[in-house]
Amino acid sequence: MSDTSMRPDKTESHPELERLIEPSRQTPLRRGLMTVVRSREFSILLVLLAVIAAATVKTPSFLFSSNSWRDLLLTPSILLLLAVGQAVVIITRNVDLSVGSILGLTAYLTGRLFIDVPGLPIIAVMVAGILVGVLLGLVNGVLVAFGKVPALVITLGTLYIYRGIVLTWAGSNRINADDMPAGFLRLGTKSLLSVPVLTVIALVVLVIVGYYLHTARGGREMYAIGSDPDAAVLYGLNVRRRLLFAFALSGGLAGLAGVVYAARYGTVSSGAGTGIELQAVAAVVIGGVAIFGGSGTVWGAALGAILLVTINRALPILGIPDFWQRAVVGALIISAIVLDRVLAARQARKLTEARDES
Amino acid sequence: MTRTYSEHSQPLWRRLLLTRETAVIALLVAVVLYSLSNVPNFDGPLTLTFLLLDVAPILLIALPMTAVIVTGEIDLSVASVVGLSSVLVGVLHQDGMPIPLAAVVALLAGALCGAFNGFLVAYVGLPSLAVTIGTLALFRGLAVGLLGTTAVTDFTERWTDLAKQNIGDSGVPLIVLPILALVLVFVLLLQFSSFGRGVYDIGLNSEAAHFTGVNVERTKFLLFVLTGVVSAFAGIFYTLRFGSARGDNATGLELQVIAAVLLGGVSIFGGRGKIHGVIAGVLLIGVISSALRLEGVTVNVINIIIGLLLVASVMSTSLLSGIANATARWNRRAPSPQHASAVGAGTQGR
Numbered sequence: 030m031s032d033t034s035m036r037p038d039k040t041e042s043h044p045e046l047e048r049l050i051e052p053s054r055q056t057p058l059r060r061g062l063m064t065v066v067r068s069r070e071f072s073i074l075l076v077l078l079a080v081i082a083a084a085t086v087k088t089p090s091f092l093f094s095s096n097s098w099r100d101l102l103l104t105p106s107i108l109l110l111l112a113v114g115q116a117v118v119i120i121t122r123n124v125d126l127s128v129g130s131i132l133g134l135t136a137y138l139t140g141r142l143f144i145d146v147p148g149l150p151i152i153a154v155m156v157a158g159i160l161v162g163v164l165l166g167l168v169n170g171v172l173v174a175f176g177k178v179p180a181l182v183i184t185l186g187t188l189y190i191y192r193g194i195v196l197t198w199a200g201s202n203r204i205n206a207d208d209m210p211a212g213f214l215r216l217g218t219k220s221l222l223s224v225p226v227l228t229v230i231a232l233v234v235l236v237i238v239g240y241y242l243h244t245a246r247g248g249r250e251m252y253a254i255g256s257d258p259d260a261a262v263l264y265g266l267n268v269r270r271r272l273l274f275a276f277a278l279s280g281g282l283a284g285l286a287g288v289v290y291a292a293r294y295g296t297v298s299s300g301a302g303t304g305i306e307l308q309a310v311a312a313v314v315i316g317g318v319a320i321f322g323g324s325g326t327v328w329g330a331a332l333g334a335i336l337l338v339t340i341n342r343a344l345p346i347l348g349i350p351d352f353w354q355r356a357v358v359g360a361l362i363i364s365a366i367v368l369d370r371v372l373a374a375r376q377a378r379k380l381t382e383a384r385d386e387s
Numbered sequence: 023m024t025r026t027y028s029e030h031s032q033p034l035w036r037r038l039l040l041t042r043e044t045a046v047i048a049l050l051v052a053v054v055l056y057s058l059s060n061v062p063n064f065d066g067p068l069t070l071t072f073l074l075l076d077v078a079p080i081l082l083i084a085l086p087m088t089a090v091i092v093t094g095e096i097d098l099s100v101a102s103v104v105g106l107s108s109v110l111v112g113v114l115h116q117d118g119m120p121i122p123l124a125a126v127v128a129l130l131a132g133a134l135c136g137a138f139n140g141f142l143v144a145y146v147g148l149p150s151l152a153v154t155i156g157t158l159a160l161f162r163g164l165a166v167g168l169l170g171t172t173a174v175t176d177f178t179e180r181w182t183d184l185a186k187q188n189i190g191d192s193g194v195p196l197i198v199l200p201i202l203a204l205v206l207v208f209v210l211l212l213q214f215s216s217f218g219r220g221v222y223d224i225g226l227n228s229e230a231a232h233f234t235g236v237n238v239e240r241t242k243f244l245l246f247v248l249t250g251v252v253s254a255f256a257g258i259f260y261t262l263r264f265g266s267a268r269g270d271n272a273t274g275l276e277l278q279v280i281a282a283v284l285l286g287g288v289s290i291f292g293g294r295g296k297i298h299g300v301i302a303g304v305l306l307i308g309v310i311s312s313a314l315r316l317e318g319v320t321v322n323v324i325n326i327i328i329g330l331l332l333v334a335s336v337m338s339t340s341l342l343s344g345i346a347n348a349t350a351r352w353n354r355r356a357p358s359p360q361h362a363s364a365v366g367a368g369t370q371g372r
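One line per chain: the protein sequences are A and B, in this order. The first sequence begins at 30 in this note's numbering and counts up one residue at a time. The second sequence begins at 23 in this note's numbering and counts up one residue at a time.
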């Protein structure tokens, strides 16, 4: 920081260069703050806070009753897990449509294990759910990475296959709350420092994946693959391994989401999680992850998921009848895409101007 | 482009026999023949009627969807347009509007929905996958918002019977006539018109298509409008057939349509796919599910079969092209050095 005072003389003749150097003269704290405030994710956070604030002003119990506070944190946790996995897959320029079916399968499996293997420890059931999810995700990954076929088609196929397996397995059977041990169901109600346990699990996952994508070599390679798959191959990245990992992660998180679903709702039918895959993709898109890969963060995707779920709970309070919710959500998704386009265009113009002037 | 070249170096009979379309049609014929001899009542008079009535909405929407996917785009909002058109017919009928007039309004609304998608995708340049996930929620939201959780069911029998009526005494439902007309329109449009050549060009290389004079934006826009109109028509049929207008009608139909289109040999990357393959794909799914139902197998198994067929069909293409590449590499390595240099000179000369 000490030599920054010498720089102005050198760069005075280049106003554009000046502008580029300017941030490095700020203190790290200020710089970090500016990065956060200017980020795409911050705008979603503002919308989210505005929605919560508006609902709270109208009905204070939206935030200040212990039940609502718990619901506010607890309800988004399932979609959040799915959105984190989906974001990683979409960043590699793929998509995973099978997550809803994986969720259904592992949610039913969770209940089935408690019934068929009495005395099985809760943690073993959770691990089983995650492992089955990883396995189903790996099937997607192997087909996409080694078959060199589009993920959209493959995961649409496995969406039907996995759902067909649950439907055939479960039939019209249904897992009820009294089929599962009370200790497991308590996971859905217990809190840690007034934050529900399931939310803590989801947030821990989010932080780990977010840190991995931000700093780890594997994470950065995901972005490289997504922004130009051919270039990634030419550069010598192990694209197959990364894709396998991305799909296994998405499957595993969907598996975890299935376990969370069983703990949260207590009842599981064969239709659990039908259609939630498109919600997960929507959350990722709202969160500013480009649908063609290479940019965006899981923080954004997570905020998108929370916003999507919270807006559904806030709208009735704000006086909008609940059957208009989906229209509002649709409008939200479209405005998010348009906003991304406007921001990208402005960024491109700035860069062109900077290049032309220098 | 090299792909087209290498394809044309094969004899015509081979080109015709080894296409994805032929494979799907062969599979369809095989399943029909097997079912006729092994599945009880499959040759009964009602099987064909119900089969056609069941696949009609999917078949209708699959036609414009094929064109959209051939350009390299996708439309996930079709089932929501079906729902919206269904609700509009119901609400307008409740207010005393005659059905034909309500149907026209629904078709216009479908065109408007399609135009909204088309504008955002073609003229604003947004990715269709993301846009139509948004409008999937938006249009469904409008449908559910207009009618709430109630349903309109008091349609006059004249109209609901029309949707289920057969042509004369045959077991073929009346809906087949508009379907055939639309099939004809789409075959002519896609395979026998300059507009259609443009559609395939856009899918193969959008920029090249632009430079050869194809109006890329207008073509995509029109295809989305067409998809909206046909989806609305499917919605009207759906409503009258079941005699019920509900906001959540046909939820999830979009994935069934896309699965059928892809099964019929249309490439998700755009540029290839034929209408007759898609029709065979839709019918294949219909025949398998009706055969399973007659066999008394739970209908759930159909999900697994559709999924497996879908995965197998794309994997087979990838596997075949992998084998073809390996053979080509082997053949290139085989010739003697002089021959190879002669070939090299030849390519340089070109």
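Yeah, the Cβ is synthetic: ideal placement off N, Cα and C, and Gly gets one too.
(request) Identify whether A/L221 lies in helix, strand or coil by the three-state DSSP scheme. (result) Here A/L221 sits in strand by DSSP.
(request) Would you list the residues sitting across from B/P195 in a DSSP beta bridge? (result) Checking the DSSP bridge columns, you'll see B/P195 partnered with B/N188.
(message) Could you check whether the Cβ of A/A311 sits closer than 7 Å to any Cβ belonging to chain B?
(response) At least one CB of chain B lies nearer than 7 Å to the CB of A/A311.
(message) At the level of alpha carbons, what is the spacing between A/T33 and A/V182?
(response) Residue confidence is low: A/T33 scores 48 on pLDDT, short of 50, so the model does not pin down where it sits. No coordinate-derived value is stated.
(message) For a test of the three-state rule: what should DSSP assign to B/V174, helix, strand or coil?
(response) Strand.
(request) Pair every Cβ in the segment 208-227 of chain A with every Cβ in the segment 300-314 of chain B, then say whether three or more of these pairs are closer than 8 Å. (result) Verdict: no, contact absent.
(message) My parser needs the alpha helix (DSSP H) runs of 4 or more residues fully inside the segment 53-91 of chain A; what are they?
(response) Those alpha helix (DSSP H) runs which fall completely within the segment 53-91 of chain A and span 4+ residues are 57-67 and 69-87.
(request) Say whether chain A places a C-beta atom closer than 7 Å to the C-beta of B/I307. (result) B/I307 has a beta carbon lying at 7 Å or more from every beta carbon in chain A.
(request) Would you identify the three-state DSSP class for B/R268, choosing helix, strand or coil? (result) Note: B/R268 maps to strand in three-state DSSP.
(request) Please check if any C-beta of chain B sits within less than 7 Å of the C-beta of A/A356. (result) For A/A356, the answer is yes, since a Cβ of chain B falls inside 7 Å of its Cβ.
(message) Excluding the 5 residues flanking B/G368 on each side, which residues of the same chain have their C-beta closer than 8 Å to its C-beta?
(response) Low confidence applies here, because B/G368 scores a pLDDT of 37, under 50, leaving its location unreliable; read the following figure in that light. For B/G368, where only same-chain residues beyond five positions count, there are no Cβ hits under 8 Å.
(message) Just to make sure I have the definition right: I need the residues of chain A whose C-beta is within less than 7 Å of the C-beta of B/N271. Which are they?
(response) Within chain A, no residue comes near B/N271; the closest Cβ sits about 14 Å away, beyond 7 Å.
(request) Determine the direct distance from the alpha carbon of A/D259 to that of A/L196, and round the result to whole angstroms. (result) Their backbone Cα atoms lie some 39 Å apart in a straight line.
(message) I'd like to check one pair, B/V92 with B/G287: are the Cβ atoms closer than 7 Å?
(response) No, Cβ-Cβ distance for B/G287 and B/V92 is not below 7 Å.
(message) Output needed for B/V209: all residues of its chain with C-beta closer than 6 Å, excluding positions within five of it in sequence on either side, in chain order.
(response) The residues are I297.
(message) Looking at chain B, is there any beta carbon in it that lies within less than 7 Å of the beta carbon of A/V178?
(response) True, the Cβ-Cβ gap to chain B drops below 7 Å.
(request) Output yes if chain B places a C-beta closer than 7 Å to the C-beta of A/G193; else output no. (result) With respect to chain B, the C-beta atom of A/G193 has a partner C-beta closer than 7 Å.
(message) Please report the straight-line C-alpha distance between B/I83 and A/R375, rounded to a whole angstrom.
(response) Their Cα atoms are separated by approximately 38 Å.
(message) Beta carbons nearer than 8 Å to chain B: which residues of the segment 82-115 of chain A have them?
(response) If the cut-off is 8 Å between Cβ atoms, the segment 82-115 of chain A has nothing near chain B.
(request) Taking all protein chains shown into account, decide if A/F321 is buried (16 or more other Cβ within 10 angstroms of its Cβ) or exposed. (result) By the 10 Å Cβ count, A/F321 comes out exposed.
(message) Does chain B have any CB closer than 7 Å to the CB of A/D351?
(response) No, A/D351 does not count as interfacial toward chain B.
(request) Could you pull out every residue in the same chain whose Cβ sits closer than 8 Å to the Cβ of A/L295, ignoring the five residues on either side in sequence? (result) Before going on, a small fix: residue 295 of chain A reads as Gly here, not Leu. Cβ neighbours of A/G295 beyond the five flanking positions: N205, A206, M209, L214 and G217.
(message) Once the 5 residues before and after A/D351 are set aside, which same chain residues still bring their CB inside 7 Å of it?
(response) So the qualifying residues of the chain are L344 and P345.
(request) Could you work out which residue in A/D100, A/L134 and A/L282 is closest to A/I159 when comparing CA atoms only? (result) For A/I159, the nearest C-alpha among the options comes from A/L282.
(message) What would DSSP say about B/V207, mapped onto helix, strand or coil?
(response) B/V207: helix per DSSP, three-state reduction.
(request) Quick one: grab the DSSP three-state call for A/A383. (result) Looking at A/A383 - three-state DSSP - the assignment turns out to be helix.
(message) I need the DSSP call for A/T33, collapsed to helix, strand or coil.
(response) Low confidence applies to A/T33: its pLDDT is 48, below 50, so where it sits in the model is not reliable, and the reading given next is rough at best. DSSP, reduced to helix, strand and coil, places A/T33 within a helical segment of the structure shown.
(request) Using a Cβ cut-off of 7 Å (strictly closer), state whether B/G112 contacts chain A. (result) By this cut-off, B/G112 is not an interface position.
(request) Measure the CB-CB distance between B/A128 and B/S107 and report whether it falls below 7 Å. (result) Yes.
(message) I'd like the span of the alpha helix (DSSP H) that includes A/L126, first residue to last.
(response) Element bounds for A/L126: n/a, residue is neither H nor E.
(request) With 7 Å as the threshold, decide whether the Cβ of A/T339 is near any Cβ in chain B. (result) It does not: the Cβ of A/T339 has no partner Cβ on chain B nearer than 7 Å.
(request) Answer with buried or exposed for B/S59, where buried requires no fewer than 16 other C-beta atoms within 10 angstroms of its C-beta. (result) Residue burial is scored here from C-beta neighbours: B/S59 has fewer than 16 other C-beta atoms within 10 angstroms and is therefore classed as exposed.
(request) Name, please, each residue of chain B whose Cβ falls closer than 7 Å to the Cβ of A/R141. (result) Contact of A/R141 with chain B by beta-carbon distance below 7 Å is absent, the smallest such distance being about 16 Å.
(request) Determine which residues share a DSSP beta bridge with A/V297 and list them. (result) DSSP lists A/I204 as partners of A/V297.
(message) Does chain B have any CB closer than 7 Å to the CB of A/L273?
(response) For A/L273, the closest Cβ of chain B is not nearer than 7 Å.
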